[in-house]
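Numbering (numbering that gives the first Met the number 0), first residue to last: 0 to 513.
Notes follow the structure.
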Amino acid sequence: MSREWTSRAAPLRMRPRVLVPADPRLPRTAPEGTEAVVVGGGIAGVSAAVVLAERGVSVTLLEGAPTLGGRLGAWPHTLPDGTEQVVEHGFHAFFRHYETWRAVLRRIDPELGFLRPVGGYPVISRQWPPEDLTGLPAAPPLNLLALFARSPSLGLRDLTGSDRALAAELLAYDREATTAAFDAVPAADFLSGLGMSDRANAMLFEAFARSFFCNPAGMSAAELIAMFHYYFLGNPAGIGFDAPDTDHLTCIWQPLAAYLGKHSAQVRTEAPVAAIAPAPAHRWRVELADGTALDTAHLVLAVDPGALRRLLAASPEVPAVAPLLAGAAEAVAVAPPFAVTRLWLDRDVAAERPTFCAVSREPTLDSVTVYSRLERPSAEWAARTGGSVVELHSYSCAAPDVDTATSRMRAELAGLWPETADAAVVHLQQRMEATAPAFPPGGAHTPPTVSGQARGIRVAGDYVRTPVLSGLMERAAVTGVQAANDVLGEVGAGPEEIRGVPQRGLLAGLLRRR
């Protein structure tokens, strides 16, 4: 294992570091005639395709939807007044420590000029004053001490009455030790065991846990500790994040498709894959839904966890030749559905409302984004009509259908922002789907790894196991680049560099666990 993967997050070493170095001794370009098929055009698949195409690999990228993007995807939408807009799966924060994903985006915009600061990460509630997790020092333990000093949700009781040994685990993240100790523990049990007040749990920890599309009761405490390290205690950017100033299709997916085209990659949308099967000479046959097929020596499966499970279930020849892959696909966990509703309202929300906020302790509503203060197309519509564009997001949604989810989220929003109660809905766009990964207690060793489970096949996505600590969009990009690196390594070319945060906590290896 790389020394950097085991380095500790000491205060004076809070900086991005090279986790996978380039190797100048190896050729950068793949041998002539190297080809690959990438199934899935989200962040993971496009990241893999970009690296491979740049290295001279003949890449075919297959995406079942009409547009690229996966859960970051976007598509055209016409409003009743004839306005053309682009809508998305929901707000995504582009955190500043997303080194790999930002490196991919710099291919199309070296200065990342389309990203703008959003202005804080507040958590709001009907019961308590807002919290804001941004603006803290970047280095541990200063960030944790500053949080205790300034947070309205943390009082003297939390400092004196908490289980300090358990709380220290947040500063002691170590992949092997943390997984061994806490993988089987539900995150909800870990949080209740901290002994913090109900207010502190709700405003600081539960809202954070739900942002990973899981209820705390259904999430492994080891994953929660890992993500707390990744986004807070081991993050040199101090939880700073940005968002695109226009829609994702315009600023990300169309430029990336054009970039791939310039590197001779074939990008095929509306090309769903029905099955895969072994082919002669250690190759794989990729069978498309339209009855056509492609053969390849290098196949990257960069689909969401449920789609991977369905694809392998529809591929009856795979278990005999790749039992590890088939077993991992069958066991992969999918989170409960998430619901996203975008509302075009006839009036603006109050001036003091934040552009984005997380929501705590509402039955359905988990976040609110005022798109008319976030991106230009929505802002232009709002300026012309006097209205506003507001997006509501429910993670791990328990509503039986999307209409019910929208109705519940609107009612809960009215309780939080009373000015929206009488607002007329000019138009709405709503979605409910189950495409996000789950990280259930006891499930650390069930997801697939990038490679090693089937000759010629690599798996990429934000649910894939990797020794490089990352999360959400960055995990998708990291696994995509790792999949490309595995292909490049097989044909004798050098790897793409991967950078990231310190991979262990400040107290890693120093705690005496009970």
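Idealized CB from N, CA, C, for every residue including glycine.
All figures in this text were calculated on a predicted structure; none of them were measured in a lab.
- Around the C-beta of alanine 73, 16 or more other C-beta atoms lie within 10 Å, and the residue is accordingly described as buried.
- Non-local C-beta neighbours of alanine 145 in its own chain, meaning closer than 7 Å and more than five positions away in sequence, comprise Leu135 and Pro136, ordered along the chain.
- Nearest to threonine 434 by alpha-carbon distance, out of Val333, Thr295 and Gly32, is Val333.
- Excluding five sequence positions before and after alanine 208, the CB atoms of its chain that fall closer than 7 Å to its own CB belong to Ala186, Pro215, Met218 and Leu223, given in chain order.
- Taking all protein chains in view, the Cβ of histidine 444 is surrounded by fewer than 16 other Cβ atoms within 10 Å, so the residue is classified as exposed.
- When Trp343, Pro335 and Ala313 are compared, the shortest CA-CA separation from glutamate 329 is found for Ala313.
- By DSSP's assignment, isoleucine 275 forms a beta bridge with Val285.
- The three-state reading of DSSP puts cysteine 356 in strand, counting E and B together.
- In the DSSP assignment, leucine 144 falls within the unbroken alpha helix (DSSP H) covering 141 to 149.
- Collapsing the DSSP output to three states places arginine 409 in a helix.
- Beta-bridge analysis with DSSP links proline 243 to Leu114.
- Taking the Cα of alanine 292 as reference, the smallest distance to any Cα among His91, Val272 and Pro304 is reached at Val272.
- Here the alpha carbon of alanine 242 sits roughly 20 Å from the alpha carbon of glycine 499.
- Residue state for phenylalanine 181 is assigned as helix, using DSSP reduced to three classes.
- In the structure shown, valine 333 falls within a strand segment according to DSSP collapsed to helix, strand and coil.
- Setting aside the 5 residues that flank it on each side, arginine 360 is surrounded in the same chain by Ser124, Arg125, Gln126, Ala201 and Glu205, each with a C-beta closer than 8 Å to its C-beta; the list follows chain order.
- The DSSP-derived three-state label of glycine 499 is strand.
- Taking all protein chains shown into account, glycine 504 has 16 or more neighbouring C-beta atoms within 10 Å of its C-beta and is therefore buried.
- Following the DSSP letters along the chain, one finds arginine 383 inside the alpha helix (DSSP H) bounded by residues 375 to 384.
- Rounded to the nearest angstrom, the Cβ distance from valine 19 to proline 494 is 6 Å, consistent with a contact under 8 Å.
- The beta carbon of glutamate 53 lies closer than 7 Å to those of His262 in the same chain, with the five residues before and after it left out.
- Just so you know, the alpha carbons of leucine 506 and aspartate 182 end up roughly 19 Å apart.
- The three-state secondary structure of tryptophan 100, taken from DSSP, is helix.
- The continuous beta strand (DSSP E) containing proline 75 extends over residues 73 to 77.
- Proximity to valine 367 across Leu114, Asp303, Glu411 and Val331 peaks at Glu411, based on C-alpha coordinates.
- Boundaries of the beta strand (DSSP E) harbouring isoleucine 456: 456 to 458, taken from the DSSP string.
- Distance from the CA atom of glycine 41 to the CA atom of leucine 311, rounded to whole angstroms, is 19 Å.
- In the DSSP secondary-structure assignment, serine 469 is not bridged to any residue.
- When beta bridges are read from the DSSP output, valine 38 appears opposite Leu61 and Leu300.
- Annotated three-state conformation of isoleucine 107 is coil, per DSSP.
- One thing to note: alanine 264 has its Cβ no nearer than 7 Å to the Cβ of valine 458.
- For valine 486, the secondary structure class from DSSP, reduced to helix, strand or coil, is helix.
- Taking a cut-off of 8 Å for Cβ pairs, the segment 349 to 356 and the segment 108 to 124 touch, as three or more such pairs fall below it.
- One alpha carbon belongs to alanine 398, the other to aspartate 289, and they sit about 35 Å apart.
- Valine 86 is classed as buried because its beta carbon has at least 16 other beta carbons within 10 Å across all chains shown.
- The C-beta of alanine 138 has 16 or more other C-beta atoms within 10 Å across all chains shown, which makes the residue buried.
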